[in-house]
Every structure is written in C-alpha cells, then in structure tokens.
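These protein sequence lines are chains A and R, in that order. Per our numbering, the first sequence starts with residue 564, numbered consecutively. Per our numbering, the second sequence starts with residue 1012, numbered consecutively. The beta-carbon is built from N, C-alpha and C at its ideal position, and this holds for glycine as well.
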Amino acid sequence: MIEDVICSFCGCLCDDLRVEVEEGKVAKVRGACRLGASKIMGHDRIAAPMIRQKGELVEVSYQEAYDRAAEILAAARRPLLYGWASTVNEAHQKGILLGEEVGGVVDSTATVCHGPSILGIEEKGLAGATLGQVKNRADVIVFWGCNPSEAHPRHALRYSSNACGKFTAEGRSCKKVIVVDVRRTRTARNADQFLQIQPGTDYEIICALRMLVAGKDDLLADEICGIQKADLVKVAQTLKNARFGALFFGLGLTHSRGRYKNVDNALSLVAELNAFTKFVVMTMRGHYNVAGIGQVLAWESGFPMSVDFSRGAPYFNPGETSAADLLGRKEADAALIIAADPAANMPRAAVEWLAKIPVIQIDPFENPTTLLAEVVIPSAIAGVEVDGTAYRMDGMALRMRKLVETSFHSDKEILQGILDSLRRLKDDN
Amino acid sequence: MIIKGGVVYDPANGIYGEEMDLCLEGGRIVEETGEKDVIDARGLMVMPGGVDAHSHIAGPKINSGRIMRPDDSRMGVEPRTGVCRPCTGYTVPNCYAIGYRYARMGYTTAFEAATPIIESRHTHEELEEIPILDKGALTLFGSNWTVMECVKENDLAKLAAYVAWGLKSSRGYGVKIVNPGGGEAWGFGANVKGLHDPVPNFDVTPAEIIKGLARANEMLRLPHSIHLHFNNLGKPGNYTTALETLDLLKDIKASRMRQVVHIAHMQFSAYGGTGWRDFDSKAPEIADYMNKNNHATMDLGQILFGSATTMTADAPLEYANARLLHQKWSNCDIELEESSGVVPIFYARMMPVNAIQWAIGLELALLTKDPWKVLLTTDNPNGSPFVNYPEVIALLMSQAKRAEEISRVHELVTKRTALPSIEREMDWSEIAIMTRSASARILGLEDKGHLGPGADADVAVYDIRPDEVDPSVDHALVKKAFTTARYTIKGGVLVARDGQIVAAPQGRTYWVDAEVPQADTERMMADLKDKFEKYYSVRLGNYMVQDEYLSRPQVVRAGTRARVEVAQ
C-alpha cells in the first residue's frame, strides 16, 4: 500500500490517495474519484514505438523513433511543440530546451482552454489564494461556468463548498453557494442560488454585478439579459456580505462570447469586492499539470504559453503564435505532440492541417492524434510510473509519486533522446 | 588560476587597495598554486564576488509577476548563444537572465528574500534554473499559525523545533518575518496596525511574534539573524514603528558574532508625515539610531526612477498599492502561513513621494557611519531591478552626481530630506563592504565576501584603475565599470568577460539544518499532525521539499546544542 499518492487526473491534484500495488501493477486505488481511479488504473497502452511506412504504423526501436523524430524537426522550418498538460515539469523543461534548439513554437493545451484566463490575468492580475485558504475561511463560494461535480469531483469536499476548516467547521451548512451557468448542472443542485443565464451573456451579467457592488443600483434596468435585477441584487448582497468569498470559474466563462474580456471582467469584480470584504478568484484547471507548463514556460521564457523561439529569443503573441492559429493558417510544417490530443480537441481547420504535416506523438495511450501521427513514441505514465513535479490549479507545486516500475521511457528521457539525435544530426551536417 | 597584479579590495581581511596576486585552486582561494592559467588584472580593481543578501529572484511571487507582465518580458530580450539560454524581462527577468546579469556585474551569490514553506518546492525549481550563482532562500515565519500558537503558549523550545523543521521542509536558509501577524489578518481582509495590535483569532501581537522568533533564532544558533520586514511598511509616519521594533530586540543576545536583527529594505520604513501630503524623510532619525546601537543591520531598498515590480508577503500593502496606483493586482493567500501580492509600479522623478523615497535610501546609506551595517540593495525588483545597482554605487560615491540628480527631481526633495546637505562620498572599500563583504557577514556565509585563503574562489575584476579614477568626478565611468565587470570568476571558473557570459556552471543552494532535542520535535509534531489532518490542503507526507530539488545542496549545520567553536 502506498500512502499519500497524488492523483494525476485533474487540477485538484488530490494528494491523499492510497494505492495497492501487486506484482508490479496498480491493483487498487482508494480514496480517489472515479475519474482519478480510472486514470491511475490505466488502460490499453501503445505497446512500442512506431513509424508510419506506406500508411501503416510499423513497430521500431526507441532509437529509430528518436532519429526519425529528430529528422522531422531538423527539416522543419516552423515546428510546433504542443501539449504538455498531462506530464510533469521535468519533461516541460526538456521540451522547452528542445523548442529552443529547433527554433520552434512551444504551446500548451491552455491555449484552447484557460488561455483567455491568462490573457485576463495579464490585464488585471489575479487575486488568488491557495485552496487550503479557501477551505479554512470561505463562507461564500461562486462557481461560474464550471461544473466541478462532474469535472473536479472532489473539489467541493476537499477545498470549497463542502469543506470543513478552521473557520468553517460546520462545512456546507455555514456557507452560501452560488452557481452561474447556462444550464442546470449537477453542481447547480448544490447551490443556494442558481443563476441560469443565457449563453454568451456572462460579460453583461458581470457588468451588472459590478454596478450593484459599486452601489449604482438605480442605473440598472429591471431585467438584464433575461435575468431579473432582484436576483442579481441578491447575488451582489451575498458577495458583499461574505466574510471570505471565492469565485471559481471554468470554460463557460473563457469560451463563451467575450472570452478573455469575460475573465478580465470577473477578475475586476473580485478586485473591487475587496473594498468591502475578502474575495479571491481561481481558474478551474482541467488536466493535472496544465498549470505547471504555464509556470515552467514563464520562468524559463518569461511567457506562460504560445512561446515562439524562431528568433532565438522568446516571442509571445497569442493569436499569432498560438497552436490553433499556427495550424489553422497552415504555418506549422511539423508538430511534436506530447501528453495531449489535439486531433480530438482542436478546431477542424487545425486538425485538417495537422493531418497533412509530419506529426510526432509522445503519449502512453492511443488517441485520435495517433491516427495522423508519423512517429508514435509510447511514454511511461507520469505520476504513476514516473515521479516529478505538478502544479495544482492554485499554483501549489507537489511532487508526483512513482508507484510502479516500467520499461517505457519517460517523457523526459524521450525528449532527451530526440535532442541527442538532433545534435548528432547537426554535427554530421 | 592566478589573478595577477590587481589592486585588491578585501575589507574583511583588512586589505584596502593593495596590489597583489590571487591564487585560485579547486574552487577556493589558496596561498599558492601550480596552475598556469593567468588572468592579467594589472592595475585593475579586484574584489570578492558580489553577494546580494536580499533580492526576489525565485518563486511564486516573481513568476506571478512574469505572468501578469508580458510588457516587462518583452524588454531585455537576448537570443540564445552557444553558452546561454535566451533571456527576457527587465524587472521580472526569466531565470537565465537573472544568473547572467548578476554575473556580468561581478555578483556570484544572491539570496531569495522570502519563500513560504509550503510554496518552497516552486522556489527551488526556479533557483535550480538560475545559472552560475550560489543562492539560498529565506523562509517566511511571521504569520504562521504554529509560530503564533507557540508564541502564545510561550513555549520557546517548541517554537525552535518548529523553526528548525520549517527550515528543513523548505530547504531554507534563515528566518524571514514580513509584517508579522498581518498575513494572517489579511486572511479576512484586515491588517495589524502596530506592534501591539493583536492578530485576530490568535491573540498574540506582532511584538510577541518578533521577539519569540528572534529568541528561537538565537536558540538555534542560526548563521543569519532574523530578517525583518517591519509592520506598517510603506506608510507615512512609520519610522516610529521601526524604532520601536528595534528597541524591542535590544536586549536579545546574539548566539554568533553578528547582528540580532537584519532589517529588510529600510528605505520603506523611514517615513515621516501623517499622510502623503506632508510625507517626509526620517532617515536621519533611523541613521542616528543605527549609529548609537549595534544589534541591527539593514539593507537599503533604494528606489530608482523608472519601472519596477513590487512583490512582497505584505499582502495588505500590495492591495493598498493597487488601489493607490489604479494598477493591476495579484494576490496569493497561503494557507496557515502567509499572504502575498504583486503590483507593477513606475517611480517618477516629478512625483514628490517618489523623489523623497529616492532621497531617503541614499540618506540612510550616507548618514549611517559604519558601512558594515548597511547593504546596498534595491529590494529587487521592488525599488528597481538589481541591474541598476551601479547607479546606486555612483550616487553614493559622488556628491556631484547627487546634485545633478537632485536638480532633475521634484523640488520637495530639498525641503523634506537632508540629502542635498550631505557631503559624504563613499570610497572603494566602503562600496566593497556594502555589496559583498557585509552581505556575506550578515548572512553568516563564512567563505564568501572575502578573499582570504579558504574562501570561495568568487572574484570580480573591474575596469577601474583606483589610482587614476576619481569617483567623485568620474561617476559615469564608475557606473559603467560596475555594470560590466572585466572578469567575473565563480568557484574558480571564469564565467563572464567584458559582459559576455563564457561559462554557466550550476551554482550551489545553501540551506540550514538545525538540530533540536528530539523531545521538542515530537511535541511540536503532535500538534502539527493535527493541523495537517484538519486544515492543510496538502498531506504531511507531500509537504517537505524533496532532495531532488537541490542538485548542489550546501548544508549549513546549526542547532540548540552548543558546538565546540574552533578558536579563531
């Protein structure tokens, strides 16, 4: 039995799991949610490195895969190195070095996820806290455009609406929970007040709340985008009367009309609430270490995503240097995809272009991206077979444990292998 | 390696500008060496490598600064070279830029001034990526629940056991206290207003926290003293808090040959006035106190005009900054331990408050007689990024330069500060003390800040011929020379030559392992385990920074048990 195992599924990074290992395999996962348990138990793996020959993926050695990957990257004029959300910082560091050496663009899945949140933070900053602070103090919790009951199943009990802490000993009963969403989610069932807004009206609703918080009630119409003013007044009062409030938001805010401006507006609302009480805000990050790649990129390059190394120095201009745009414009001419599945998640135009250029995939598991990859390199599962660092949604760094041995190479080793092949290739020329 | 014919300034060993050869071998200064490698330093100024004892260089705060300031990262861009990783940023540079830029100025050591225990894994991840420099991090204890409870119970042994454990958990080097109690009060949006204002829900005062931690620090015989950021920092009239706090620590006995308290960025706590309107300098009062007492040292926290990024564990201060400046604001409350904030700032010459702040820093340095008590810092990047240290050096060495500057800043400087009347001009030795020798002594780094046999082979050679240069007149030349060392040697390896990085070895990370009686640790852990069960969002088993995060650890031993001191 291994204690205090950290879950490698979502941005909650629950660190209280217990895992039973039998004959070198994970036999049982205790204390995790179903999503986390299923991830740690694992499923069908890519068995061996493969290179596509005449349309078919053919098994090869790791070294052959590295050499082919290096050839692809060396021949490319605009390589994209994308993914990173489901692997550890140690792999990120190696990947960024590789990105520098090939003059590529390094981007993470944040670009199609909480990218707008990062842009919002660039505009306004982020008034945040660690999740333990929320657990110990928050008596008002707002979930906006997120559905932790299904996406972050243990969030409520461990950290937020249902957690017990020093100043919140009675747990759920001493808290007020507000849910804002376009549909009645499972999370909404746990709400004291549910605000069902029309799709694409987040910006207007936040504006209305900011006006109410600022005491400009009389300037507001009786109905705002289908929501009664009285309902918003009630929300605003709850926010202002909080002893400690916490706003959690998800892709409902970042991917509806207004995008980063929605986030900018929400961050402003929270900053302004601090004139009346204590209020913090947090992004509900999805993959367990999507926050980590943002941190590592920031300290290594100065920018948290979409970093273009083609000039030799980091350059950042999301919209121009973000993965979906590079692909959609048919600009990238090779891609290394690691710990992500853009074929399933990117816009259609981007995926269509991805199918036309040479793709190197590094992943433990087969996914739609495998179908269009030219080189497939199976990796050890970070957080199960490899230890390393991951960042929780609140920026807390934790060290993932290695639970079982493996013969697969780690992401870091694979990237180093490609780097070595690439350097040999350059020396030969 | 032999550094030949330099004019050596090594104040710690009583050497004030003597022509001599330096022998370096195995990463140390030695009496003589058979090595053939020679650096020709004939007539040039030679000093120990620079040591920065207070700088924000790694961890969540600085990375938040990078993330919220892409405008800053677009400055200072340098492409990668055969030796160097690419660089970005000015006030919040990336890790590589931090290492290279310090090294170019002849600095070889820098200490991160504040890391919460629970966030230290992140801090060490960044420290590891800073090339060349030796480094360390001071650990935050000032708003910590366990600390406050031990202080409340008046259980000094338990407090010492916790401090030792906290240092180990964070792989930290010393005890940092920021606005004690304020970080906890900020958990509900409040602050503590003075030394004797009780911390809400904990029934202890900042004064009690400071005294308790100072006593524990001495009980543990830590190499560094407590490192204190005063309450009320950044507020008009706060010099009384500063003096009152200093008096509080007067009768605590140091366990080593050093100060009892080091005051961080004194400039921000030397303010008079009842508000920003009648804001004035109380630097003369502070300097007078420092001249009459010997238990405290300080660093300047000099501000310079231009862009900066304020970042501190004093979260209420950052909120106030954001409101005052209408700036973007980042905050991070840290469960059971601290709070923190980040706000960009621009110090303007014609803004009366900024001009007075600028003068206060210089006054503090110039009016405090003993340079061993004052370190030259900008509280990087709060007052200005560290790359501007040479500007401060030039200001301290030349009254003419100060007069020139005073004529270009808001006129209130002449009415609200004593700066225009100060004639003192510092000499090379005093600059050497304030930028390396005193920093090392105050931190308790025995092998740094001097060039005696056995010292680390960290050496800076500057393009200055002390015989020919009159810093009072040639201040532009002084600034230029300190901006770009002719040679920087780190651990016996030439790392920078005329501003070019020629090697980037991995530096060491210092941390303090302090031994305490097992019984005290057990008593402390019983309470702490309860906190992990109930309040922390992280398990005890996942809390402590693992060895993997320090590739070259330099462990300094300390502890409550008296050690046999080697006779000097």
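Exposed is the label assigned to Lys779 of chain A, since fewer than 16 other Cβ atoms lie within 10 Å of its Cβ.
Beta-bridge annotation (DSSP): Gln1511 of chain R is paired with R:Arg1508. Residue-level contact by beta carbon fails for Pro910 of chain A and chain R, as no gap is shorter than 7 Å. DSSP assignment within the segment 1019–1055 of chain R yields the following whole beta strand (DSSP E) runs of 3 residues or more, N-terminal first: 1026–1036, 1039–1041 and 1049–1051.
Within 10 angstroms of the beta-carbon of Asp607 of chain A lie fewer than 16 other beta-carbons, which makes it exposed. Interface annotation, Ile1356 of chain R: not in contact with chain A, CB-CB separation never under 7 Å. Using a Cβ-Cβ cut-off of 7 Å, Glu1137 of chain R counts as an interface residue toward chain A, since at least one Cβ of chain A sits closer than that to its own. Here the segment 1356–1365 of chain R makes contact with the segment 1315–1327 of chain R; the two share three or more CB pairs at distances below 8 Å. The alpha-carbon separation between Val1385 of chain R and Asp1214 of chain R amounts to approximately 35 Å. For Glu685 of chain A, there is no enclosing beta strand (DSSP E); the residue is part of the alpha helix (DSSP H) that begins and ends at Gly678 to Lys687. Linking Ala1507 of chain R to Leu1561 of chain R through their CA atoms gives a straight-line distance of about 24 Å.
When only Cα atoms are considered, Ser885 of chain A and Gly875 of chain A end up about 17 Å apart.
Under the DSSP assignment, Gly1076 of chain R falls in the alpha helix (DSSP H) whose first and last residues are Pro1071 to Met1079. Counting C-beta pairs closer than 8 Å gives fewer than three between the segment 693–709 of chain A and the segment 930–938 of chain A, which falls short of the contact rule.
Only those residues of the segment 1531–1549 of chain R whose C-beta falls short of 8 Å from the nearest C-beta of chain A are listed: Lys1545, Tyr1546, Tyr1547, Ser1548 and Val1549. Asp1524 of chain R sits in a strand when the DSSP states are folded into three classes. The beta strand (DSSP E) runs of length 3 or more contained entirely in the segment 856–914 of chain A are, from start to end of the chain, 897–901. For the options R:Glu1402, R:Lys1545 and R:Ala1052, the alpha carbon positioned closest to that of Val1019 of chain R is the one of R:Ala1052. Judged by DSSP secondary structure, Gln1313 of chain R falls outside any alpha helix (DSSP H); it is assigned neither H nor E.
Residue burial annotation: Pro910 of chain A is exposed, with fewer than 16 other C-beta atoms found within 10 angstroms of its C-beta.
For Met845 of chain A, the beta-bridge partners assigned by DSSP are A:Phe811. When the five nearest sequence neighbours on each side are left out, the beta carbons in the same chain lying within less than 7 Å of the beta carbon of Thr846 of chain A are those of His677, Ser680, Phe812 and Met956, in order along the chain. Membership of Tyr1358 of chain R in the beta strand (DSSP E) is indicated by the continuous run Gly1352 to Tyr1358.
Residues of the segment 839–859 of chain A whose Cβ lies closer than 9 Å to any Cβ of chain R, in chain order: Phe839, Thr840, Lys841, Phe842, Val843, Gly857, Gln858 and Val859.
Taking CB atoms only, Pro1191 of chain R has no neighbour in chain A less than 7 Å away. DSSP, read as helix, strand or coil, puts Glu566 of chain A in strand. If the five residues before and after Arg1115 of chain R are omitted, its C-beta is found closer than 8 Å to the C-beta atoms of Thr1494, Thr1495, Ala1496, Thr1499, Ala1507, Gly1510 and Ile1512, all from its own chain and listed in chain order. Look at Gly1061 of chain R here: in three-state DSSP terms it is strand. Nearest C-alpha to Gly1037 of chain R among R:Ala1451, R:Pro1464 and R:Phe1543: R:Pro1464. Note: Asp950 of chain A is not bridge-paired with any residue in the DSSP secondary-structure output.
Phe1199 of chain R reaches chain A at Arg700, Phe730, Arg806, Phe807, Thr840 and Lys841, counting residues in chain order whose Cβ is nearer than 9 Å. Short of 8 Å from the beta carbon of Pro931 of chain A, and not among the five residues preceding or following it, lie these beta carbons of its own chain, in chain order: Asp904, Ala906 and Ala907. Per DSSP, reduced to three states, the secondary structure at Phe928 of chain A is strand. In the same chain as Leu661 of chain A, and ignoring 5 residues on each side of it, the C-beta atoms closer than 7 Å to its own belong to Leu644, Leu978, Ile981 and Leu982, in chain order. The criterion of a C-beta distance shorter than 7 Å is satisfied by Ala945 of chain A and Gly951 of chain A. Under a 10 Å Cβ-count criterion, Gln1278 of chain R is classified as buried, with 16 or more other Cβ atoms of the shown protein chains found around its own Cβ.
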